[in-house]
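Undergrad: There's a structure below that I have some questions on.
Residue numbers (the working numbering): 883 to 1188.
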(Lines of atoms letter the chains of each structure in order from A and count residues from 1; the text may use other names and numbers.)
(Lines give C-alpha, C1' and ligand atoms only; values in the text may rest on other atoms or scores of the structure.)
Protein backbone atom coordinates (compact mmCIF):
# COMPACT_ATOMS: atom_id res chain seq x y z
CA UNK A 1 0.00 0.00 0.00
CA UNK A 2 1.31 3.45 -0.96
CA UNK A 3 0.34 6.52 1.06
CA UNK A 4 0.93 9.96 -0.50
CA UNK A 5 0.54 13.13 1.59
CA UNK A 6 1.02 16.70 0.32
CA UNK A 7 3.00 19.43 2.05
CA UNK A 8 1.09 22.69 2.61
CA UNK A 9 4.33 24.70 2.39
CA UNK A 10 4.79 24.98 6.15
CA UNK A 11 5.94 21.43 6.78
CA UNK A 12 2.43 20.14 7.53
CA UNK A 13 1.28 17.08 5.56
CA UNK A 14 -2.35 16.32 4.76
CA UNK A 15 -4.69 15.35 1.95
CA UNK A 16 -3.19 13.15 -0.71
CA UNK A 17 -4.39 9.65 -1.36
CA UNK A 18 -3.80 5.96 -0.70
CA UNK A 19 -2.86 3.69 -3.61
CA UNK A 20 -4.08 0.14 -3.05
CA UNK A 21 -2.63 -1.23 -6.30
CA UNK A 22 0.09 -2.75 -4.20
CA UNK A 23 2.96 -4.55 -5.90
CA UNK A 24 5.19 -4.51 -2.86
CA UNK A 25 6.96 -7.75 -2.15
CA UNK A 26 9.64 -8.85 0.26
CA UNK A 27 10.64 -6.76 3.24
CA UNK A 28 12.52 -3.54 3.90
CA UNK A 29 14.28 -2.27 0.82
CA UNK A 30 14.20 1.13 -0.84
CA UNK A 31 11.88 3.78 -2.13
CA UNK A 32 13.32 6.48 -4.39
CA UNK A 33 12.10 9.33 -6.58
CA UNK A 34 13.56 10.84 -9.75
CA UNK A 35 12.32 12.24 -13.05
CA UNK A 36 12.98 9.10 -15.08
CA UNK A 37 10.78 10.00 -18.09
CA UNK A 38 12.04 13.59 -18.49
CA UNK A 39 8.62 15.22 -18.20
CA UNK A 40 9.53 17.54 -15.32
CA UNK A 41 7.94 15.69 -12.39
CA UNK A 42 9.25 13.12 -9.90
CA UNK A 43 8.46 9.47 -10.53
CA UNK A 44 8.63 6.64 -8.02
CA UNK A 45 10.66 3.42 -7.77
CA UNK A 46 10.12 0.82 -5.05
CA UNK A 47 12.08 -2.31 -4.19
CA UNK A 48 12.12 -4.97 -1.48
CA UNK A 49 15.18 -6.76 -0.15
CA UNK A 50 14.10 -9.96 -1.88
CA UNK A 51 11.73 -8.60 -4.55
CA UNK A 52 11.84 -6.95 -8.00
CA UNK A 53 12.00 -3.22 -8.67
CA UNK A 54 8.74 -1.47 -9.61
CA UNK A 55 8.32 1.96 -11.18
CA UNK A 56 5.29 4.25 -11.02
CA UNK A 57 5.20 7.31 -13.28
CA UNK A 58 3.88 10.63 -12.01
CA UNK A 59 1.00 12.11 -14.04
CA UNK A 60 2.13 15.65 -13.19
CA UNK A 61 -0.43 16.20 -10.42
CA UNK A 62 1.32 14.11 -7.79
CA UNK A 63 -0.55 10.90 -8.57
CA UNK A 64 1.48 7.83 -9.49
CA UNK A 65 0.39 5.39 -12.18
CA UNK A 66 0.12 1.61 -12.01
CA UNK A 67 3.25 -0.27 -10.88
CA UNK A 68 5.40 -1.68 -13.70
CA UNK A 69 8.09 -4.24 -12.97
CA UNK A 70 11.61 -3.58 -14.18
CA UNK A 71 14.22 -6.20 -14.98
CA UNK A 72 13.87 -8.68 -12.08
CA UNK A 73 16.57 -7.65 -9.66
CA UNK A 74 16.26 -8.13 -5.94
CA UNK A 75 17.78 -5.04 -4.36
CA UNK A 76 18.43 -3.20 -1.15
CA UNK A 77 19.60 0.12 -2.60
CA UNK A 78 18.85 2.24 -5.69
CA UNK A 79 21.01 5.04 -7.13
CA UNK A 80 20.22 7.36 -10.04
CA UNK A 81 22.78 9.08 -12.27
CA UNK A 82 23.31 9.84 -15.95
CA UNK A 83 26.09 7.30 -16.37
CA UNK A 84 26.03 7.18 -20.19
CA UNK A 85 25.85 10.97 -20.62
CA UNK A 86 22.72 10.98 -22.80
CA UNK A 87 20.72 13.42 -20.67
CA UNK A 88 18.48 11.03 -18.72
CA UNK A 89 18.79 9.32 -15.35
CA UNK A 90 20.02 5.74 -15.37
CA UNK A 91 19.86 3.32 -12.47
CA UNK A 92 22.20 1.09 -10.51
CA UNK A 93 20.43 -1.44 -8.27
CA UNK A 94 22.44 -3.07 -5.49
CA UNK A 95 21.48 -6.67 -4.66
CA UNK A 96 22.91 -7.61 -1.29
CA UNK A 97 22.99 -11.38 -1.84
CA UNK A 98 21.53 -14.12 0.36
CA UNK A 99 21.12 -17.92 0.63
CA UNK A 100 24.15 -18.64 -1.52
CA UNK A 101 23.17 -16.16 -4.26
CA UNK A 102 26.11 -13.81 -4.88
CA UNK A 103 25.75 -10.09 -4.43
CA UNK A 104 25.88 -7.81 -7.48
CA UNK A 105 25.30 -4.27 -8.71
CA UNK A 106 22.96 -4.28 -11.72
CA UNK A 107 23.40 -1.45 -14.25
CA UNK A 108 20.19 -0.36 -16.02
CA UNK A 109 20.26 2.29 -18.77
CA UNK A 110 17.30 4.61 -19.38
CA UNK A 111 16.03 5.19 -22.95
CA UNK A 112 14.83 8.68 -21.98
CA UNK A 113 11.20 7.67 -21.50
CA UNK A 114 11.61 5.80 -18.22
CA UNK A 115 12.20 2.40 -19.81
CA UNK A 116 15.25 0.63 -18.37
CA UNK A 117 17.35 -2.15 -19.87
CA UNK A 118 19.99 -4.18 -18.08
CA UNK A 119 23.41 -3.79 -19.69
CA UNK A 120 25.74 -5.34 -17.11
CA UNK A 121 26.12 -6.68 -13.61
CA UNK A 122 29.12 -6.19 -11.32
CA UNK A 123 29.95 -9.04 -8.96
CA UNK A 124 30.65 -7.66 -5.51
CA UNK A 125 31.33 -8.99 -2.03
CA UNK A 126 28.81 -9.53 0.75
CA UNK A 127 27.70 -7.00 3.37
CA UNK A 128 27.26 -3.92 1.19
CA UNK A 129 26.89 -0.69 3.15
CA UNK A 130 26.57 1.86 0.38
CA UNK A 131 27.44 3.15 -3.07
CA UNK A 132 28.06 6.57 -4.62
CA UNK A 133 28.81 8.10 -8.01
CA UNK A 134 31.68 10.49 -8.65
CA UNK A 135 34.05 11.41 -11.48
CA UNK A 136 37.12 10.02 -9.77
CA UNK A 137 39.46 10.09 -12.78
CA UNK A 138 38.27 13.48 -14.11
CA UNK A 139 37.44 12.14 -17.57
CA UNK A 140 33.95 13.63 -17.63
CA UNK A 141 31.85 10.59 -16.71
CA UNK A 142 30.59 9.22 -13.41
CA UNK A 143 32.46 6.33 -11.84
CA UNK A 144 30.93 4.00 -9.26
CA UNK A 145 32.12 3.40 -5.70
CA UNK A 146 30.76 0.47 -3.70
CA UNK A 147 31.46 -0.40 -0.08
CA UNK A 148 31.23 -4.18 0.36
CA UNK A 149 32.93 -6.83 2.42
CA UNK A 150 34.28 -4.00 4.62
CA UNK A 151 36.37 -2.71 1.70
CA UNK A 152 35.82 0.01 -0.90
CA UNK A 153 36.07 -0.54 -4.67
CA UNK A 154 36.18 2.14 -7.37
CA UNK A 155 34.77 1.01 -10.75
CA UNK A 156 35.73 3.16 -13.74
CA UNK A 157 33.13 4.21 -16.33
CA UNK A 158 34.11 3.91 -20.01
CA UNK A 159 31.86 6.87 -20.87
CA UNK A 160 28.99 4.67 -22.14
CA UNK A 161 27.71 3.42 -18.79
CA UNK A 162 29.88 0.31 -18.71
CA UNK A 163 32.13 -0.20 -15.69
CA UNK A 164 35.30 -2.20 -16.24
CA UNK A 165 38.61 -1.79 -14.43
CA UNK A 166 38.50 -1.11 -10.73
CA UNK A 167 40.70 -0.18 -7.81
CA UNK A 168 40.21 -1.51 -4.27
CA UNK A 169 41.26 0.33 -1.15
CA UNK A 170 43.09 -1.99 1.20
CA UNK A 171 42.43 -0.45 4.62
CA UNK A 172 40.77 -3.06 6.88
CA UNK A 173 37.12 -3.14 7.85
CA UNK A 174 35.79 0.05 6.24
CA UNK A 175 32.16 0.76 7.01
CA UNK A 176 31.01 4.06 5.48
CA UNK A 177 32.41 6.77 3.20
CA UNK A 178 31.77 10.13 1.61
CA UNK A 179 33.29 12.11 -1.29
CA UNK A 180 34.46 15.72 -1.49
CA UNK A 181 37.35 17.94 -2.55
CA UNK A 182 38.91 18.24 0.90
CA UNK A 183 42.35 19.48 -0.22
CA UNK A 184 41.11 22.13 -2.67
CA UNK A 185 42.83 20.75 -5.78
CA UNK A 186 39.62 20.35 -7.84
CA UNK A 187 39.28 16.58 -7.63
CA UNK A 188 37.19 14.27 -5.46
CA UNK A 189 38.87 12.87 -2.36
CA UNK A 190 37.47 10.26 0.00
CA UNK A 191 36.89 9.95 3.73
CA UNK A 192 35.99 6.55 5.22
CA UNK A 193 35.42 5.25 8.74
CA UNK A 194 36.46 1.96 10.33
CA UNK A 195 33.95 -0.76 11.27
CA UNK A 196 34.81 -2.19 14.71
CA UNK A 197 33.90 -5.70 15.84
CA UNK A 198 33.20 -4.30 19.28
CA UNK A 199 32.67 -0.80 20.69
CA UNK A 200 35.99 0.98 20.10
CA UNK A 201 38.02 2.94 22.58
CA UNK A 202 39.00 5.51 21.49
CA UNK A 203 36.25 6.16 18.87
CA UNK A 204 36.41 4.64 15.37
CA UNK A 205 39.40 5.77 13.32
CA UNK A 206 38.82 7.77 10.14
CA UNK A 207 40.76 7.23 6.90
CA UNK A 208 41.41 10.08 4.46
CA UNK A 209 42.36 9.30 0.84
CA UNK A 210 43.66 12.10 -1.36
CA UNK A 211 42.99 11.79 -5.09
CA UNK A 212 46.36 12.13 -6.84
CA UNK A 213 48.39 10.61 -9.74
CA UNK A 214 49.84 7.88 -7.53
CA UNK A 215 48.08 4.89 -5.97
CA UNK A 216 45.13 5.02 -6.13
CA UNK A 217 45.76 5.90 -9.78
CA UNK A 218 43.07 8.51 -10.34
CA UNK A 219 44.41 11.11 -12.78
CA UNK A 220 43.08 13.90 -14.96
CA UNK A 221 42.35 12.87 -18.55
CA UNK A 222 42.38 14.93 -21.75
CA UNK A 223 40.49 14.10 -24.92
CA UNK A 224 42.54 12.13 -27.43
CA UNK A 225 44.25 14.40 -29.93
CA UNK A 226 43.83 17.46 -27.72
CA UNK A 227 46.28 19.25 -25.49
CA UNK A 228 45.57 20.40 -21.98
CA UNK A 229 44.10 23.91 -21.99
CA UNK A 230 45.52 25.74 -18.99
CA UNK A 231 42.44 27.02 -17.21
CA UNK A 232 41.92 28.68 -13.83
CA UNK A 233 38.61 29.18 -12.00
CA UNK A 234 38.15 31.88 -9.36
CA UNK A 235 36.70 32.27 -6.89
CA UNK A 236 36.24 28.58 -6.21
CA UNK A 237 34.12 27.85 -4.17
CA UNK A 238 31.86 30.48 -5.75
CA UNK A 239 28.40 31.86 -5.07
CA UNK A 240 26.67 33.85 -7.83
CA UNK A 241 29.39 33.72 -10.51
CA UNK A 242 32.96 32.74 -11.20
CA UNK A 243 35.59 33.75 -13.76
CA UNK A 244 37.46 31.42 -16.09
CA UNK A 245 40.90 32.46 -17.29
CA UNK A 246 42.88 30.74 -20.04
CA UNK A 247 46.65 30.81 -20.59
CA UNK A 248 46.02 31.25 -24.34
CA UNK A 249 42.98 32.59 -26.21
CA UNK A 250 40.34 29.93 -26.79
CA UNK A 251 39.54 29.29 -30.44
CA UNK A 252 36.01 28.13 -31.38
CA UNK A 253 35.41 26.82 -27.92
CA UNK A 254 32.38 25.50 -26.07
CA UNK A 255 31.83 24.89 -22.37
CA UNK A 256 29.41 22.51 -20.68
CA UNK A 257 28.71 22.41 -16.94
CA UNK A 258 27.51 19.12 -15.41
CA UNK A 259 25.90 18.51 -12.02
CA UNK A 260 26.80 15.68 -9.65
CA UNK A 261 24.37 13.33 -11.42
CA UNK A 262 26.11 13.87 -14.76
CA UNK A 263 23.39 16.05 -16.29
CA UNK A 264 24.33 19.13 -18.33
CA UNK A 265 22.96 22.23 -16.57
CA UNK A 266 24.73 24.91 -18.61
CA UNK A 267 26.27 25.06 -22.08
CA UNK A 268 27.50 28.00 -24.14
CA UNK A 269 29.95 28.96 -26.84
CA UNK A 270 33.26 30.45 -25.74
CA UNK A 271 34.42 33.41 -27.85
CA UNK A 272 38.08 34.06 -28.62
CA UNK A 273 38.97 35.46 -25.21
CA UNK A 274 41.38 34.81 -22.35
CA UNK A 275 38.80 35.27 -19.60
CA UNK A 276 35.08 34.60 -19.27
CA UNK A 277 32.49 35.11 -16.53
CA UNK A 278 30.22 32.14 -15.79
CA UNK A 279 26.91 32.75 -14.01
CA UNK A 280 25.98 30.27 -11.26
CA UNK A 281 23.05 32.24 -9.85
CA UNK A 282 20.31 29.79 -10.81
CA UNK A 283 22.18 26.65 -9.76
CA UNK A 284 21.70 24.74 -6.51
CA UNK A 285 24.67 24.52 -4.13
CA UNK A 286 26.90 21.54 -4.89
CA UNK A 287 29.86 20.28 -6.88
CA UNK A 288 29.83 20.76 -10.66
CA UNK A 289 32.19 19.61 -13.42
CA UNK A 290 33.18 22.06 -16.13
CA UNK A 291 34.25 20.86 -19.60
CA UNK A 292 35.88 23.26 -22.05
CA UNK A 293 36.65 21.98 -25.56
CA UNK A 294 38.17 24.03 -28.38
CA UNK A 295 40.66 23.93 -31.23
CA UNK A 296 43.19 25.26 -28.72
CA UNK A 297 42.76 22.35 -26.30
CA UNK A 298 40.54 20.80 -23.63
CA UNK A 299 40.11 21.30 -19.90
CA UNK A 300 38.08 19.71 -17.10
CA UNK A 301 37.67 21.57 -13.81
CA UNK A 302 35.59 21.20 -10.66
CA UNK A 303 33.47 24.15 -9.51
CA UNK A 304 31.90 24.28 -6.05
CA UNK A 305 28.72 26.40 -5.80
CA UNK A 306 28.03 27.56 -2.24
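Note that beta-carbon positions come from the ideal geometry of N, C-alpha and C, so glycine has one too.
Between the alpha carbons of residue 937 and residue 1004, how many angstroms are there, rounded?
TA: 22 Å
Undergrad: Return the CA-CA distance between residue 883 and residue 902, expressed in angstroms with no decimal places.
TA: 5 Å
Undergrad: What's the call for residue 984, buried or exposed, on a 16-neighbour Cβ count within 10 Å?
TA: exposed
Undergrad: Taking all protein chains shown into account, decide if residue 1088 is buried (16 or more other Cβ within 10 angstroms of its Cβ) or exposed.
TA: exposed
Undergrad: Between 920, 929, 953, which lies nearest to residue 939 when the distance is taken from Cα to Cα?
TA: 920
Undergrad: Comparing C-alpha positions only, which one of 1169, 1178, 1126 sits nearest to residue 1070?
TA: 1169
Undergrad: Ordered along the chain, which non-local residues of its own chain (more than five positions away) have a Cβ less than 6 Å from that of residue 888?
TA: For residue 888, where only same-chain residues beyond five positions count, the Cβ hits under 6 Å are 897, 898.
Undergrad: With three or more C-beta pairs closer than 8 Å as the rule, is the segment 960-978 touching the segment 944-951?
TA: no
Undergrad: Mind checking if residue 989 is an interface residue toward chain C, Cβ cutoff 8 Å exclusive?
TA: Of the protein chains in this structure there is only one, and it is not chain C.
Undergrad: Is residue 1016 near residue 1027, with beta carbons less than 8 Å apart?
TA: Their beta carbons are under 8 Å apart, which means residue 1016 touches residue 1027 by this criterion.
Undergrad: Measuring CA to CA, which of 1065, 1068, 1061, 1066 is closest to residue 1075?
TA: 1061
Undergrad: Measuring alpha carbon to alpha carbon, tell me which residue in 964, 950, 1012, 1153 is nearest residue 832.
TA: Any answer about residue 832 is impossible in this case: the structure gives the chain only from 883 up to 1188.
Undergrad: One question on the structure: do residue 1175 and residue 1135 come within less than 8 Å of each other, judged by their Cβ atoms?
TA: yes
Undergrad: First and last residue of the beta strand (DSSP E) that includes residue 1039?
TA: 1033-1039
Undergrad: If we count the other Cβ atoms within 10 Å of its Cβ and call it buried at 16 or more, is residue 924 buried or exposed?
TA: exposed
Undergrad: Between 1032, 1179, 1161, 1001, which has its C-alpha nearest residue 1132's C-alpha?
TA: Residue 1179 is the option with its Cα nearest to residue 1132.
Undergrad: On a CA-only basis, which of 1064, 1118, 1115 is nearest residue 1093? Give me that one, please.
TA: 1064
Undergrad: When DSSP labels each residue in this structure, what does residue 920 get in the three-state scheme?
TA: coil
Undergrad: Hey, out of 1159, 1142, 1171, whose CA is closest to residue 962's CA?
TA: 1142
Undergrad: When you compare the CB positions of residue 1126 and residue 1157, do they come within less than 8 Å of one another, or not?
TA: A contact, by the Cβ cut-off of 8 Å.
Undergrad: For residue 928, report the span of its beta strand (DSSP E) as first-last.
TA: Run containing residue 928: 925-929, per the beta strand (DSSP E) assignment.
Undergrad: Would you mind reading off the limits of the beta strand (DSSP E) that contains residue 1173?
TA: 1168-1175
Undergrad: Compute the Euclidean distance between the alpha carbons of residue 1114 and residue 1128, then round it to the nearest angstrom.
TA: The straight-line gap from Cα to Cα measures roughly 7 Å.
Undergrad: Out of curiosity, what's the CA-to-CA distance linking residue 1123 and residue 1159?
TA: 7 Å
Undergrad: What did DSSP end up calling residue 1020 once you bin it into helix, strand or coil?
TA: coil
Undergrad: Starting from residue 995, trace the beta strand (DSSP E) both ways and give me its first and last residue.
TA: Segment: none, residue 995 is in no beta strand (DSSP E) and carries neither H nor E.
Undergrad: Which residues does DSSP list as the beta-bridge partners of residue 1114?
TA: In the DSSP assignment, the residues bridged to residue 1114 are 1127.
Undergrad: Mapping the DSSP letters down to three states, classify residue 1088 as helix, strand or coil.
TA: strand
Undergrad: Determine the contact status of residue 1177 and residue 1138, defining contact as a CB-CB distance below 8 Å.
TA: no
Undergrad: Please report the residue range of the beta strand (DSSP E) in which residue 1134 lies.
TA: Here residue 1134 belongs to no beta strand (DSSP E), and DSSP marks it neither H nor E.
Undergrad: Pick out whichever of 1154, 1001, 978 has its Cα sitting closest to the Cα of residue 1130.
TA: 1154
Undergrad: Do residue 1185 and residue 1020 have their beta-carbon atoms positioned less than 8 Å apart in this structure?
TA: no
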